[in-house]
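To start, the structure itself, in structure tokens.
What follows is the structure in structure tokens.
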């Protein structure tokens, strides 16, 4: 679900399409662009791409450590209709005028305003407006029009049905209360109209997890179970329903969840499923998760990663299971050198200093294939207050001074964070958020992740796309990476600006460089 409004995915290579600045609304069935850049100027197109890259790169790097909090497993697909209407200067319901012919070249078509939902001072019912639309219009077809830049409003539009129009009229009347709004959207989660079902899901995805918990008495438990067991249910929806089951479910749901966890058939939203299972089973559920995903060296990487996200959620956002019980589960990952870096930062944040010798040996034994583990090990030793950690760090610096240098430049010392205290929860068990997984999953694990192979990075992406983040696996709070060193932040900004200027100069003089072409090809 929301996580502070930021939805981050596990670290993977940044891929920019660098395509023309054309935007599409996923709700428009015809897939018509709502705005198109000038197609005649190749130079301006290059500059647009360069500026886009220059803006996104520093933003992505600077915002990566941002913490968020909300329902963790769900990520909004797009801006909700309510959000969209709130940001527009005017919103109206309009219908096509019988006999009016659409301009085949410009797409312009006259429509008559039927109802004004907002912006009454800018437009009135009965007024004729001329939006651009390339899809099929038909006589009397109704649309939602959103206008910006008064006084000469520029309109975007979306075709709506009679039910869709009724839905919009109700949405604009909803109170400014998360729980009360969710009660309304709850009834549209699997609506027969895809637009309404998608919008209802997105509303849940952006709503704080506490509001979802408060909705417990209005949840249909049996319906949730049916949706969760539906093999055709999209993974993102299943994550939401698993989150909700963690709120309204109980011990009777454990056999079903265990059967799904043991199934050899790939399960979408596995991280949310593991978190939900542990929420309902408590500490007694850990042996099963260890057996299947953490202690099992044959477990697929994506499955293990999903289980780690669930453990991290429970150690950071929930008080259902004490950290003392969760730590042995994470220790299993240290037996897999290629995955060990995924949990080292958790050990440091949770104040587990029992692994100094083990991690020191992991650093020493690191090969080209897993040397990315060295920076997390250094971070751990820097944070550890024990004198033997300082001694180990001196020895490791002799082996690989570059890893120690990178740690000091790009990472502050991990701060030990206490486990959350008891929370008021409407779940069957004490305090049971099955949520903030996804946020964690989508927070960057550490700069050392940059050393991972492309295959592994894609695997992380798949793990979250198909198995991912706080049920709100949307964007979990708990920072997976410590705040960046200020000097490192300044260096990132300077590097981004310098890169943008150099690429701009090359584009204007001799064409885009190979590196830019490489980005475009991706």
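Numbering (my numbering), first residue to last: -10 to 511. Glycine residues also receive a C-beta, built at the ideal position from the N, C-alpha and C atoms.
Best match in the options for proximity to residue i [C-alpha to C-alpha]
i: residue 63; options: 212, 232, 342, 205; result: 232
i: residue 264; options: 165, 301, 368, 354; result: 301
i: residue 144; options: 168, 159, 121; result: 121
i: residue 154; options: 322, 83, 258; result: 83
i: residue 215; options: 188, 203, 179; result: 179
i: residue 206; options: 220, 190, 237; result: 237
i: residue 314; options: 294, 356, 271, 353; result: 271
i: residue 74; options: 257, 92, 188, 91; result: 188
i: residue 133; options: 125, 147, 76; result: 147
i: residue 250; options: 278, 373, 382; result: 278
i: residue 274; options: 392, 240, 257, 286; result: 240
i: residue 131; options: 108, 104, 109, 113; result: 104
i: residue 291; options: 257, 208, 401; result: 257
i: residue 512; options: 108, 93, 488; result: With the chain represented from -10 up to 511, any question about residue 512 goes unanswered, as that position is not in the structure.
i: residue 195; options: 485, 293, 388, 66; result: 66
i: residue 306; options: 199, 94, 126; result: 199
Same chain only: Cβ atoms within 8 Å of residue i, ignoring 5 sequence neighbours per side
i: residue 152; result: 182, 185
i: residue 351; result: 323, 326, 329, 362, 366
i: residue 358; result: 327
i: residue 375; result: 342, 345
i: residue 253; result: none
i: residue 111; result: 78, 79, 136, 139, 140, 142
i: residue 354; result: 326
i: residue 92; result: 98
i: residue 340; result: 405
i: residue 210; result: 234, 237, 238
Coarse secondary structure for residue i, derived from DSSP in three states
i: residue 347; result: helix
i: residue 400; result: coil
i: residue 472; result: Legend: pLDDT at residue 472 = 37, less than 50; position of this residue unreliable, value from coordinates given subsequently. Coil at residue 472, not helix or strand.
i: residue 68; result: coil
i: residue 136; result: strand
i: residue 104; result: strand
i: residue 449; result: For residue 449, the pLDDT reaches just 38, beneath the cut-off of 50, and the residue's location in the model is therefore unreliable, although a value from the coordinates is still provided. In this structure, residue 449 counts as helix in the three-state DSSP scheme.
i: residue 148; result: strand
i: residue 130; result: coil
i: residue 377; result: helix
i: residue 83; result: strand
i: residue 143; result: strand
i: residue 393; result: helix
i: residue 121; result: strand
i: residue 233; result: helix
i: residue 97; result: strand
i: residue 367; result: helix
i: residue 287; result: coil
i: residue 406; result: coil
i: residue 189; result: helix
i: residue 359; result: coil
i: residue 458; result: Caution applies to residue 458, whose pLDDT of 33 falls short of 50 and renders its modelled position unreliable; the value that the coordinates give is listed next. DSSP places residue 458 in coil when its eight states are reduced to three.
i: residue 112; result: coil
For residue j and residue i, believed in contact at Cβ under 8 Å, the rounded distance
i: residue 311; j: residue 408; result: 7 Å
i: residue 369; j: residue 348; result: 6 Å
i: residue 267; j: residue 309; result: 7 Å
i: residue 78; j: residue 158; result: Going by Cβ atoms, the distance from residue 78 to residue 158 rounds to 19 Å, so no, they are not a contact pair.
i: residue 106; j: residue 161; result: 5 Å
i: residue 283; j: residue 295; result: Not quite, the Cβ-Cβ distance comes to about 11 Å (not below 8 Å), so this is no contact.
Residues near residue i in its chain [Cβ-Cβ closer than 6 Å; skip 5 each side]
i: residue 360; result: none
i: residue 71; result: 160
i: residue 406; result: 338
i: residue 69; result: 188, 191, 192
i: residue 219; result: none
i: residue 455; result: Here residue 455 scores only 38 on pLDDT, less than 50, and its place in the model should not be relied on; the value that follows carries that caveat. The residues are 224, 257.
Beta-carbon contacts of residue i that lie in its chain and below 7 Å, excluding the five residues immediately before and after
i: residue 217; result: 227, 230, 231, 234
i: residue 491; result: none
i: residue 321; result: 279, 283, 284
i: residue 396; result: 364, 367, 368, 371
i: residue 392; result: 363, 364, 367
i: residue 319; result: 300, 332, 335, 336
i: residue 377; result: 345
i: residue 262; result: 231, 246, 249, 250, 256
i: residue 484; result: none
Closer than 7 Å: residue i CB and nearest the ligand MN heavy atom
i: residue 87; result: No copy of the ligand MN occurs in the structure displayed, which carries no ligand at all.
| field | contact_flag[the segment 80 to 89, the segment 166 to 174] where n(CB pairs < 8 Å) is 3 or more | value | Too few Cβ pairs lie closer than 8 Å, so no.
| Inter-stretch contact (C-beta, 8 Å, three-pair minimum) for the segment 117 to 125 and the segment 99 to 107 | A contact exists between the segment 117 to 125 and the segment 99 to 107.
| request: Evaluate the contact criterion for the segment 242 to 249 versus the segment 219 to 229: three or more CB pairs, one atom per stretch, below 8 Å. | output: Look at the beta carbons and you see the segment 242 to 249 not touching the segment 219 to 229: under three pairs across the two are nearer than 8 Å.
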